[in-house]
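Numbering (the numbering used here), first residue to last: 18 to 686.
Okay, so here's the structure we're looking at.
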C-alpha cells in the first residue's frame, strides 16, 4: 500500500558473498574514528524468587538464567513490600554459594526468617511478626550474594525491583548506583531506599530502620504532603490515599522525579505488562493509560524511556497472564495490545517523536504444574529460555557493566525475540543518492553486513540505527536496510512434533515446533507530529481507541519474505526499502514471525497477530502432543507452552527520521 506521507519503492540490495557464509567484503568498517561500535548482549530484568512470590532461590534462578540459558547480564527483580521467607537459603547443595550461603540441610528457600536468622535481625515496623521489608532484604541480604555471584561468573548480575506501583499495577525499576564497583564492596542502598519510599506494598515507617531516609523530591510541591514520621507519601484517610488512584499516580510520578533528580543516568522506570490489569481506575490501582506514560516520560526522559512490549508468563494458560479483562482482551502473538496493534499506544508515543522503547522479559515465577527442572511449563519459562532482550552495550575493551546495560537500554538500540526466531539483527536507515551500481555499492551496506556478522552496531554519519534519528533535508531519499539471521537449528522447545498452528488445513506447513523458520519481516512506519499534553485529558480520557491513544498514520509499509528478500547461506536474510522524496518527520520499526499471513486463529490476511485466546481452538492431533494440553470435544487443543512455541515473534525499536523544517524528534544523535 502507498503511505500517505512519502512515495516508496522496494529496492533489494545484492549481497556480496565470500565462500559460503560471509556477508561483507572489504576491511572492517564498523568503527569510525576509533569509536566503539558496541556489542549486542542478552538479558532479563523482570523475574521472581522466594524473595517475593517465586518458587526458587536467588542462586538457582541466577544459575538457570546465566549458566543454563546463557544470558550475558541479569537483573534480579521481585516485588516490593516484603515477606517472611528467608530467600537467601538455597534449594539444595548444587546451588550453594559458600561461604555466605551454604546449603543447610532441613532449611530451604521457604524457611522463614524467624526460623533461620531470628527476628532480632529484622528491621522496620513488622519485625516482631517475622516479616522482613523488601528494602532490608535488597540492601543487606540479596545484593551481597548477587555481587558474589557476579564475581564468580564474571558477568553483571545486579538487583532491581518489580515495584508495586501506587495507582497502577507494576513497573520494572533499577538504580545501579553503588552496585558492582570494581574490586567489590558495593551496595544497593539507593535501590533499597526507592522501594521504601515509593512502593505501595511497603507500609514501613521506620525510615530504613533508623537510616534517616527522606523521600522528598527536590523542588516538589508534594513534599508538604509527606508524612512526618515515615517521611514519605502515605495518605491518612481514603480521600488522601497516595497509594491508590489519581493520588497514587502522583506518588508514582514523584518516584520518577526522584530518580531523575538524583540518579538521572543510572536508573530506569519501565512499566510492566501494562494492559494486564485493564484500564486505569481513578479510585484504585490498576493499569496504565497513555497519559500516564507521557507523564513519566515528561518527568524523567532519561529514566522513563520505555515499557514492556513483550510480557512474561508466555506458557500461562492465559498467555502473558492476560485474562479477558486486560486491555484488548489478551495478548496478540504474545505481545500486549499497546505494542501489537499497528497504530496503537506505542505508535502514538512514537508519533510524538518520543524516546519510548520496548523490551521483553520472562516474569519467571514457576513452572506451574511442573517442577523447576522440568522442560515443560504451564506458567513460565526461565530468563533466556524463551524471551530475550538484546541491548547494544558499548564498553570499549572493558568488561560489561551495569552502566553499559542501562545506557544501552536508554539508547533504544535494543530488540527482543521470543523462541530464538532470530539471533542477529542489523537495522539502519541511511541517506542515499542515485542508484546502486551492484554488489555492495552503497558503503553502508558493507558496514551493516559486518555489524550483523559481529553482532555489533556501527557508525556512519549518513545513517541512524535503532533509537537514533537521521536528520535530512526535505526531499532526500533514504534507504531502510535490514539484515537478520535465522539460526536454522533447534531452539529450546522440548517439543519436536509439527507446529499445530502451521499444519492446519489451508496452511499445510509441517515444521517441527523446536525448529521455527522466519516466515517474514514487516516494516511499519508512522508520521511524527509532535508532543501531546498529558494534562489534556478531556480530549481522550485515557480511552484506548481515542485519538490521543492512537497514531492513524501508522501503517504496514512493506513485507519481506522469500519472494523479495535476499537469502544467504547460514540463515541470513538481507532486505532493503527505498523511501523517495521524504518530506515529513517519521519513524520506522520492524517485526517478524514464523507464522505467515492468514493462519487460522493466529494471523489476519496482512500478517497481524490475532487475539491469542482464539488459538485455543487449534487442535493438536500428533501422538506426541503433551498430556497437559486441554481437551475440548475429545480433542487436545494448543495452550500453555505449546501455544508459546508455536507462535514466535521478534520486534525492533524504531529508527527516527527528522526532516529539517518539519516536526522535531527526540531521538538519539
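The beta carbon of each residue, even a glycine, is placed where N, CA and C say it ideally should be.
- Cβ atoms of residue 356 and residue 668 come within 8 Å of each other, at about 7 Å.
- Contact between residue 400 and residue 91 holds: CB atoms are separated by about 7 Å, below the 8 Å threshold.
- DSSP, reduced to helix, strand and coil, places residue 537 within a strand of the structure shown.
- Secondary structure in the stretch 438-481: the alpha helix (DSSP H) runs of 4 residues or longer, each lying completely within the stretch, are 460-471 in chain order.
- In the three-state reduction of the DSSP assignment, residue 242 falls in the helix class.
- By the Cβ neighbour-count rule, residue 97 is buried, with 16 or more other Cβ atoms within 10 Å of its own.
- Under the DSSP assignment, residue 315 falls in the alpha helix (DSSP H) whose first and last residues are 307-316.
- Each residue's CA atom was taken as its position, placing residue 465 and residue 445 some 8 Å apart.
- One thing to note: residue 289 has its Cβ no nearer than 8 Å to the Cβ of residue 65.
- Residue environment for residue 229: exposed (fewer than 16 other C-beta atoms within 10 angstroms of its C-beta).
- Between residue 283 and the set 422, 490, 87, the nearest pair of CA atoms involves 422.
- Looking at the DSSP output, residue 354 bridges to nothing.
- Less than 8 Å divides the Cβ of residue 292 from the Cβ of residue 339.
- With respect to the C-alpha of residue 540, the residue from 477, 578, 569, 200 having the closest C-alpha is 578.
- Non-local beta-carbon contacts of residue 611 in its own chain, meaning distances under 7 Å to residues more than five positions away in sequence, involve 438, 533, 534, 535, 536, 665 in chain order.
- Residue state for residue 646 is assigned as coil, using DSSP reduced to three classes.
- For residue 422, the uninterrupted alpha helix (DSSP H) run begins and ends at 419-428, by DSSP.
- The Cβ atoms of residue 243 and residue 295 do not sit closer than 8 Å to each other.
- Residue 515 sits buried, since 16 or more C-beta atoms from the chains shown fall within 10 Å of its C-beta.
- Taking the C-beta atoms as reference points, residue 490 is found no nearer than 8 Å to residue 682.
- Unbroken alpha helix (DSSP H) stretches of 4 residues or longer found wholly inside the stretch 605-681: 657-663, given in chain order.
- With contacts defined as CB atoms closer than 8 Å, residue 266 and residue 185 qualify as a contacting pair.
- Contact between the stretch 76-93 and the stretch 159-176 is established, with three or more Cβ pairs separated by less than 8 Å.
- Under a 10 Å Cβ-count criterion, residue 272 is classified as buried, with 16 or more other Cβ atoms of the shown protein chains found around its own Cβ.
- Classified as exposed, residue 111 has fewer than 16 neighbouring CB atoms from the shown chains inside 10 Å of its CB.
- Residue pairing for residue 62: DSSP places it in no beta bridge.
- With fewer than 16 other Cβ atoms from the protein chains shown falling within 10 Å of its own Cβ, residue 390 counts as exposed.
- DSSP places residue 284 in the strand class (E or B) of the three-state scheme.
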